[in-house]
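Respectively, the protein sequence lines represent chains A and B.
Note that this note's numbering has the first sequence beginning at 65, numbered continuously upward.
Note that this note's numbering has the second sequence beginning at 65, numbered continuously upward.
For every residue, glycine included, the Cβ atom is placed at its ideal position computed from N, Cα and C.
This report concerns only the one structure given below.
Number of protein chains: 2
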Amino acid sequence: MKNLVLMLLCSIFFCECCTNSSFAQHSQASKILSQTRTYRQANENAIIREFRDFLALPNIANDSASIAQNASFLLAMMKKRGIENVQLLGGTKSDVPPAVYGEVRVKGATKTIVLYAHYDGQPVNPLEWSSGGKPFAPVLRTGALDKGGEVIEFPAEKAGEKVVFNPEHRIYARSASDDKGGVVAILNAFDAIIKSGVQPSMNIKFFFEGEEEAGSPHLGDILERNKALLKSDGWIICDGPVHQSGKKQVVCGVRGDVGMEITVFGPKRPLHSGHYGNWVPNPAQKLVSLLASMKDSTGKVLVEGFYDDVVSFSEEERTAIRSIPHPDEQMKRELGVAKPDGAGALLLEMLSLPSLNINGIRAANVGAMAANVIPTQAVAALDLRLVLGNDWQRQTDKVKRHILKQGYYVLDREPTDEERLQYPNIAKVRINSGYNAQRTPLSHPLAKAVIQAVQASSEETIVVVPSLGGSLPLYLFEKYLQSTTVTVPIANHDNNQHAENENLRLKNLWNGIETFVAIMTMKF
Amino acid sequence: MKNLVLMLLCSIFFCECCTNSSFAQHSQASKILSQTRTYRQANENAIIREFRDFLALPNIANDSASIAQNASFLLAMMKKRGIENVQLLGGTKSDVPPAVYGEVRVKGATKTIVLYAHYDGQPVNPLEWSSGGKPFAPVLRTGALDKGGEVIEFPAEKAGEKVVFNPEHRIYARSASDDKGGVVAILNAFDAIIKSGVQPSMNIKFFFEGEEEAGSPHLGDILERNKALLKSDGWIICDGPVHQSGKKQVVCGVRGDVGMEITVFGPKRPLHSGHYGNWVPNPAQKLVSLLASMKDSTGKVLVEGFYDDVVSFSEEERTAIRSIPHPDEQMKRELGVAKPDGAGALLLEMLSLPSLNINGIRAANVGAMAANVIPTQAVAALDLRLVLGNDWQRQTDKVKRHILKQGYYVLDREPTDEERLQYPNIAKVRINSGYNAQRTPLSHPLAKAVIQAVQASSEETIVVVPSLGGSLPLYLFEKYLQSTTVTVPIANHDNNQHAENENLRLKNLWNGIETFVAIMTMKF
Numbered sequence: 065m066k067n068l069v070l071m072l073l074c075s076i077f078f079c080e081c082c083t084n085s086s087f088a089q090h091s092q093a094s095k096i097l098s099q100t101r102t103y104r105q106a107n108e109n110a111i112i113r114e115f116r117d118f119l120a121l122p123n124i125a126n127d128s129a130s131i132a133q134n135a136s137f138l139l140a141m142m143k144k145r146g147i148e149n150v151q152l153l154g155g156t157k158s159d160v161p162p163a164v165y166g167e168v169r170v171k172g173a174t175k176t177i178v179l180y181a182h183y184d185g186q187p188v189n190p191l192e193w194s195s196g197g198k199p200f201a202p203v204l205r206t207g208a209l210d211k212g213g214e215v216i217e218f219p220a221e222k223a224g225e226k227v228v229f230n231p232e233h234r235i236y237a238r239s240a241s242d243d244k245g246g247v248v249a250i251l252n253a254f255d256a257i258i259k260s261g262v263q264p265s266m267n268i269k270f271f272f273e274g275e276e277e278a279g280s281p282h283l284g285d286i287l288e289r290n291k292a293l294l295k296s297d298g299w300i301i302c303d304g305p306v307h308q309s310g311k312k313q314v315v316c317g318v319r320g321d322v323g324m325e326i327t328v329f330g331p332k333r334p335l336h337s338g339h340y341g342n343w344v345p346n347p348a349q350k351l352v353s354l355l356a357s358m359k360d361s362t363g364k365v366l367v368e369g370f371y372d373d374v375v376s377f378s379e380e381e382r383t384a385i386r387s388i389p390h391p392d393e394q395m396k397r398e399l400g401v402a403k404p405d406g407a408g409a410l411l412l413e414m415l416s417l418p419s420l421n422i423n424g425i426r427a428a429n430v431g432a433m434a435a436n437v438i439p440t441q442a443v444a445a446l447d448l449r450l451v452l453g454n455d456w457q458r459q460t461d462k463v464k465r466h467i468l469k470q471g472y473y474v475l476d477r478e479p480t481d482e483e484r485l486q487y488p489n490i491a492k493v494r495i496n497s498g499y500n501a502q503r504t505p506l507s508h509p510l511a512k513a514v515i516q517a518v519q520a521s522s523e524e525t526i527v528v529v530p531s532l533g534g535s536l537p538l539y540l541f542e543k544y545l546q547s548t549t550v551t552v553p554i555a556n557h558d559n560n561q562h563a564e565n566e567n568l569r570l571k572n573l574w575n576g577i578e579t580f581v582a583i584m585t586m587k588f
Numbered sequence: 065m066k067n068l069v070l071m072l073l074c075s076i077f078f079c080e081c082c083t084n085s086s087f088a089q090h091s092q093a094s095k096i097l098s099q100t101r102t103y104r105q106a107n108e109n110a111i112i113r114e115f116r117d118f119l120a121l122p123n124i125a126n127d128s129a130s131i132a133q134n135a136s137f138l139l140a141m142m143k144k145r146g147i148e149n150v151q152l153l154g155g156t157k158s159d160v161p162p163a164v165y166g167e168v169r170v171k172g173a174t175k176t177i178v179l180y181a182h183y184d185g186q187p188v189n190p191l192e193w194s195s196g197g198k199p200f201a202p203v204l205r206t207g208a209l210d211k212g213g214e215v216i217e218f219p220a221e222k223a224g225e226k227v228v229f230n231p232e233h234r235i236y237a238r239s240a241s242d243d244k245g246g247v248v249a250i251l252n253a254f255d256a257i258i259k260s261g262v263q264p265s266m267n268i269k270f271f272f273e274g275e276e277e278a279g280s281p282h283l284g285d286i287l288e289r290n291k292a293l294l295k296s297d298g299w300i301i302c303d304g305p306v307h308q309s310g311k312k313q314v315v316c317g318v319r320g321d322v323g324m325e326i327t328v329f330g331p332k333r334p335l336h337s338g339h340y341g342n343w344v345p346n347p348a349q350k351l352v353s354l355l356a357s358m359k360d361s362t363g364k365v366l367v368e369g370f371y372d373d374v375v376s377f378s379e380e381e382r383t384a385i386r387s388i389p390h391p392d393e394q395m396k397r398e399l400g401v402a403k404p405d406g407a408g409a410l411l412l413e414m415l416s417l418p419s420l421n422i423n424g425i426r427a428a429n430v431g432a433m434a435a436n437v438i439p440t441q442a443v444a445a446l447d448l449r450l451v452l453g454n455d456w457q458r459q460t461d462k463v464k465r466h467i468l469k470q471g472y473y474v475l476d477r478e479p480t481d482e483e484r485l486q487y488p489n490i491a492k493v494r495i496n497s498g499y500n501a502q503r504t505p506l507s508h509p510l511a512k513a514v515i516q517a518v519q520a521s522s523e524e525t526i527v528v529v530p531s532l533g534g535s536l537p538l539y540l541f542e543k544y545l546q547s548t549t550v551t552v553p554i555a556n557h558d559n560n561q562h563a564e565n566e567n568l569r570l571k572n573l574w575n576g577i578e579t580f581v582a583i584m585t586m587k588f
């Protein structure tokens, strides 16, 4: 960690301050990048065709049949590329979405890295998607939808002519960016290296998870059961977006995450709001009061002890954060935010704290389907992000205690008729599977090697982030494999990840391929 | 009004205290009821077949094409029964759902009444409906769905055999109870009278509205333009449920109603809750705080001046309310309510106050479709019920002022990019068309005649209610026609009116037919 500032300076002035030895490395890296870029440019259409077929497979983690199709598709992609020992790593139960594994042994290599991405996607509400509500029918747009990007046909291949895509065009589909884009970047980077006659600098293992968006409930089990197979000198995680400035970034930590669902109960059957309104308590009114009690107007969480366990960033990490170009003003303009939460704190400072976010709320209907009723229940989906020091179970316990303190009888199931008559306020609280935060020291040899490699693949100064706002189950790699992780995202920051109209800008895919070419051939 | 207590006593002890003259009337009424009951019993299958065909027509007020089909169907129903001068009464615009009108002139009659029901229904969310999500495919159940009522085939007609329905069975479909059931009861009561060789005691006009559930935005206009055609000695409104005890009721007033929709804005595109959670304000969190500020934990509305305009019930009306059998304990058990709003007040007392109800609330998704996002907006549909003294525009202005006081910039449209960057809190507030409350004195001759007629059609003591919790645009009849209204509901109280799985118990339809037989032949 003490080398952090030096390292950051190194990375910032990489081109200017390189030694003779690093100059040779740099020159070699440039040559490889150039070769692999030529290969990719000649094969854009094949890459996109395969990507489209992959995106056309629905991939929500709880849809076992679809997940199995994705896993088969992925196995075939890996076999086609000559990756060896390909196999599905399942858990103990048949409905566990399997991780898809493969490996490449490199002659003379002394180190082994595992490249990780996930092939499952966030749940979808098709009605919210543009282009006919089909999240699994990939479309090409001339740019970002909210900036007027229009749907165009994928270019047709003509015999003898190379198909060239406009790099500003984007593919829209669930998982285009999160995280089938990551899978496709890794496998095509490998392809480009091999087809260009280059040799990876390390043994490479591939590990593609199938339930990351469901909170990775079986990942620990899979890692533990395959400890020998997964032996390595570190994991490189490909997930998430690059920096809002468009610069590539290397991320050395992530927040943890756990989901909760709170249901508050009203009358047993929906009621006419005229005949009973004012007398039968409205569950939506109860829920809004409960949720309002959890945060103040600056976004500070009022749940007792919510910030108690937080391990603050070290002074060095804070310095690193201050060195990062801050996207705050850009993001305020881009998102239409007049006043962010946090009473003046920077985005990156706020991301170093645990959060409580309403993912969704629902009671009866609004808009054209709204009717004059007292709803029978009101539901809120919450998302708690965790930082170092937080434990996901302890954090949800605090929220549960808060609900109890607001006078609720808390259950993990529907109330019985007797309970409804006994308790005025009843909440069903369901806790999803969660995981804790993780951080790798910026001075770890793997982190240093990856930062150098990614910088070598970029014309701009890259961004090094001690911890990302988003989450990945990286603490499981520490816990079960005692292994180090470094995260290298590739998606555009405005990718609508987790929401409708998710998309990947093609330039980011091409850059991502080059990033992973650099990583697979890095000195480590 | 001073005759109220006496009148109530009269109605309660009707059978015991009747005079010789009323005995003759009673005897005549009994004979008519018996004759028309025989007719109905012989024709149950034809009545239900027609009702099913009627319910199979979708009837949401903003769906012009479907509304036109309903109006045609209704015209045909009326013509088939020999009702004269049938016609559609439209507004000035072509997309106004027409009222369907017809009349019967009775030889020697000196009085004229208009019978009102509405043929449009509340909006539906098909996904919420049992039986395959088809609100317009009527099904027969052996009882209430929430008490285990099961779907059975409608009985088949066999040559020469009379089809008899179990009166406890229920028809499930949108508008079964609210209010196509009312239309069908009125038209079949007329049929039964005529087919039994009886003559109505008055001229009868029929007026079936087509946009009551949309807030009757054009009713005033239709009434005004057809003042001469609609000349009468009073209107009888058939809508709403009978008393929770199962007793028939006559209602002399209704609350007014106005809907509002509040949209609070978040980031311009949906965001990953990890990468931005804690910094980009969540519109659902803003909305819950805003809504929570509107009511306290006893359900009291905290909007300034909300109760200021209320014209309280007179002491006589309060006495009448106290005389009504109170369903509070029954409803608490039936609905699973441990502690009603209102700090101990009775249901009927609470219904004498204006209300603010959350009809629905929505931001992003919950359940299986929930994703880890900061939503772009959060929406709440509100329903304000009004009592005598309230004005619907003044009441919504109070709520708007409350929103302003909470620090919101209030618009009636989407914010521009500039506004988003200028104002931290932006709410779009849409006010639907509304109408005020109405009350007819219990001592009005029409009210007295109707109470006596309905009592004569019932074996139990009926319930007389000064004002219903629900709403009907009755003040428009006063305003545009200077006419009096009395409301006679027929639906079972547990009919899921306005919600999914709306239903009508057949016994209530049969009783409703008899109620309107009594009204059409009453002494007035």
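Give me the chain A residues within the contact set of K359 of chain B, using Cβ-Cβ distance strictly less than 7 angstroms, ordered along the chain. As a position in the second sequence, residue 359 of chain B is number 295, starting the count at 1. Here the neighbours are Q349.
With a CB to CB cut of under 6 angstroms and the five nearest residues on each side skipped, what residues in its chain are close to A445 of chain A? On the first sequence, residue 445 of chain A is found 381 positions in, with the first residue counted as 1. Closer than 6 angstroms at Cβ, skipping near neighbours: E325, N423 and G424.
Integer Cβ distance of P391 of chain B from Q308 of chain B, believed to fall under 8 angstroms: Here the question's residue 391 of chain B lines up with position 327 in the second sequence. Here the question's residue 308 of chain B lines up with position 244 in the second sequence. Confirmed, Cβ separation roughly 4 angstroms.
- Task: Sort out for me which residues DSSP pairs Y487 of chain B with in a bridge.
- Result: For the purposes of this step, residue 487 of chain B is identified with residue 423 of the second sequence, where counting begins at 1. The partner list for Y487 of chain B (beta bridge, DSSP) is empty, contrary to what the question assumes.
Next on the checklist: Check for me: the alpha helix (DSSP H) holding T176 of chain B runs from which residue to which?
Outcome noted: Taking the first residue of the second sequence as 1, we reach residue 176 of chain B at position 112. Here T176 of chain B belongs to no alpha helix (DSSP H); instead the beta strand (DSSP E) covers T176 to H182.
Could you tell me which chain B residues have their CB closer than 9 angstroms to the CB of H562 of chain A, listed as they occur along the chain? The residue given as residue 562 of chain A occupies position 498 in the first sequence. Under the 9 angstroms cutoff, chain B gives P334, L335, H336, S337, G338, A435, N436 and V437.
* To do: Please name the residue in A:K571, A:M586 and A:G576 whose C-alpha comes closest to that of V228 of chain A.
  => On the first sequence, residue 228 of chain A is found 164 positions in, with the first residue counted as 1. Nearest of A:K571, A:M586 and A:G576 to V228 of chain A, Cα basis: A:K571.
Q: Any chance you could list the alpha helix (DSSP H) runs of at least 4 consecutive residues sitting entirely within the stretch 458-537 of chain A, in chain order?
A: 481-486 and 509-520
Rounded separation between T42 of chain B and H557 of chain B - CA only
Outside the modelled stretch of chain B, which goes from 65 to 588, sits residue 42 of chain B, for which no answer is possible.
Check whether the Cβ atoms of G197 of chain B and F270 of chain B sit closer than 8 angstroms, and answer yes or no. On the second sequence, residue 197 of chain B is found 133 positions in, with the first residue counted as 1. On the second sequence, residue 270 of chain B is found 206 positions in, with the first residue counted as 1. Against a cut-off of 8 angstroms, the Cβ pair of F270 of chain B and G197 of chain B comes out as no contact.
**Request:** Return the Cβ separation of F588 of chain B and K295 of chain B in integer angstroms, given the expectation that the two are a contact with Cβ distance under 8 angstroms.
**Result:** In the second sequence, the residue the question calls residue 588 of chain B occupies position 524. In the second sequence, the residue the question calls residue 295 of chain B occupies position 231. With a Cβ gap of about 16 angstroms, F588 of chain B and K295 of chain B do not count as contacting.
- Assign Q394 of chain B to one of two classes, buried (16 or more other C-beta atoms within 10 Å of its C-beta) or exposed (fewer than that). Counting from one through the second sequence, the residue named residue 394 of chain B turns up at place 330. By the 10 Å Cβ count, Q394 of chain B comes out exposed.
Can you have a look at S94 of chain B and say buried or exposed, based on whether 16 or more other CB atoms are within 10 angstroms of its CB? Walking along the second sequence from the start, residue 94 of chain B turns up at place 30. Flag for S94 of chain B reads exposed.
What does Q186 of chain A touch in chain B if you count any residue whose Cβ is under 8 angstroms from its own? Residue mapping note: residue 186 of chain A aligns to position 122 of the first sequence, counting from 1. Those are A435 and N436, listed as they occur along chain B.
**OP:** Determine, using beta carbons only, whether S260 of chain B and Q99 of chain B come nearer to each other than 8 angstroms.
**Re:** Position 196 of the second sequence, counted from the start, is the residue given in the question as residue 260 of chain B. Position 35 of the second sequence, counted from the start, is the residue given in the question as residue 99 of chain B. A contact, by the Cβ cut-off of 8 angstroms.
Our contact map puts D373 of chain A next to N496 of chain A with C-beta atoms below 8 angstroms; I'd like the distance itself, whole angstroms only. Residue mapping note: residue 373 of chain A aligns to position 309 of the first sequence, counting from 1. Residue mapping note: residue 496 of chain A aligns to position 432 of the first sequence, counting from 1. Between N496 of chain A and D373 of chain A the Cβ distance is about 20 angstroms, and since that is not below 8 angstroms, they are no contact.
Worksheet item: Any residues in the stretch 92-116 of chain A with a beta carbon nearer than 7 angstroms to a beta carbon of chain B? Which ones, in chain order?
Response: none
(Q) So, at 6 angstroms on beta carbons, what are the nonlocal neighbours of G576 of chain B in its own chain, with the 5 sequence-adjacent residues on each side left out? (A) Sequence index remark: in the second sequence, residue 576 of chain B carries index 512 (1-based). Closer than 6 angstroms at the Cβ level, and outside the excluded window around G576 of chain B, lie A249 and I554.
Check your understanding: Using Cβ-Cβ distances below 7 angstroms, what residues of the stretch 453-485 of chain B are close to chain A?
Key -> D481, R484 and L485
Are the CB atoms of I112 of chain B and N567 of chain B within a distance shorter than 8 angstroms? Here residue 567 of chain B refers to the residue found at position 503 when the second sequence is read from its first residue. Here residue 112 of chain B refers to the residue found at position 48 when the second sequence is read from its first residue. The answer is no: Cβ separation not under 8 angstroms.
* **Beta-carbon gap between G341 of chain B and I438 of chain B smaller than 8 angstroms** => Along the second sequence, read from residue 1 onward, the residue named residue 341 of chain B stands at position 277. Along the second sequence, read from residue 1 onward, the residue named residue 438 of chain B stands at position 374. Yes, they are a contact pair.
Put S419 of chain A into one of helix, strand or coil per three-state DSSP.
If you number the first sequence from 1, residue 419 of chain A lands on position 355. If DSSP states are grouped into helix, strand and coil, S419 of chain A belongs with the strands.
Listed by chain order, chain A residues near E276 of chain B by CB distance under 7 angstroms: As a first step, residue 276 of chain B is located in the second sequence; it is residue number 212 there, counting from the start. Neighbours of E276 of chain B on chain A: none; closest Cβ ~11 angstroms, over 7 angstroms.
Discussion item. Taking a contact to mean a Cβ-Cβ separation below 8 angstroms, would you say R503 of chain A touches L540 of chain A in this structure?
Written reply: Taking the first sequence and counting its residues from 1, the one referred to as residue 503 of chain A is at position 439. Taking the first sequence and counting its residues from 1, the one referred to as residue 540 of chain A is at position 476. Contact flag unset, no.
request  = Identify the continuous beta strand (DSSP E) that holds Y165 of chain A and give its terminal residues.
outcome  = As a position in the first sequence, residue 165 of chain A is number 101, starting the count at 1. Segment A163 to V168, the beta strand (DSSP E) holding Y165 of chain A.
Sub-8 angstroms separation of A402 of chain A and R477 of chain B beta-carbons:
Here residue 402 of chain A is taken as the residue at index 338 of the first sequence, counted from 1. Here residue 477 of chain B is taken as the residue at index 413 of the second sequence, counted from 1. Taking 8 angstroms as the Cβ cut-off, A402 of chain A and R477 of chain B do not qualify as a contacting pair.
Query raised in the report: Once you ignore the five residues that flank A135 of chain B on each side, which residues in its own chain have a CB closer than 7 angstroms to its CB?
Result: Taking the first residue of the second sequence as position 1, residue 135 of chain B is located at position 71. So the qualifying residues of the chain are L152, P162, V164 and G274.
Original post:
Where does L179 of chain A land, buried or exposed, given buried means 16+ other C-beta within 10 angstroms?
Top reply: Your numbering for residue 179 of chain A matches position 115 in the first sequence. Label assigned to L179 of chain A: buried.
task: Going by DSSP, name the residue or residues bridged to Q313 of chain A.
output: Against the first sequence, residue 313 of chain A aligns to sequence position 249. A:V527, per the DSSP bridge assignment.
Measure from the C-beta of E381 of chain A to each C-beta in chain B and report whether the shortest distance is under 8 angstroms. For the purposes of this step, residue 381 of chain A is taken as residue 317 along the first sequence, with counting starting at 1. Answer no: the Cβ-Cβ gap between E381 of chain A and chain B never drops below 8 angstroms.
**OP:** Would you please state the rounded distance, in angstroms, between the beta carbons of L412 of chain A and I388 of chain A? I believe it to be under 8 angstroms.
**Re:** Translated into positions along the first sequence, residue 412 of chain A becomes position 348. Translated into positions along the first sequence, residue 388 of chain A becomes position 324. Right, the Cβ-Cβ distance comes to about 6 angstroms (below 8 angstroms), so this counts as a contact.
Terminal residues of the continuous beta strand (DSSP E) containing K269 of chain A? If you number the first sequence from 1, residue 269 of chain A lands on position 205. That run of the beta strand (DSSP E) goes N267 to E273.
>> Taking the alpha carbon of D481 of chain B as the reference point, which residue from B:C316, B:R333 and B:E276 has its own alpha carbon closest?
In response: Here the question's residue 481 of chain B lines up with position 417 in the second sequence. For D481 of chain B, the nearest C-alpha among the options comes from B:R333.
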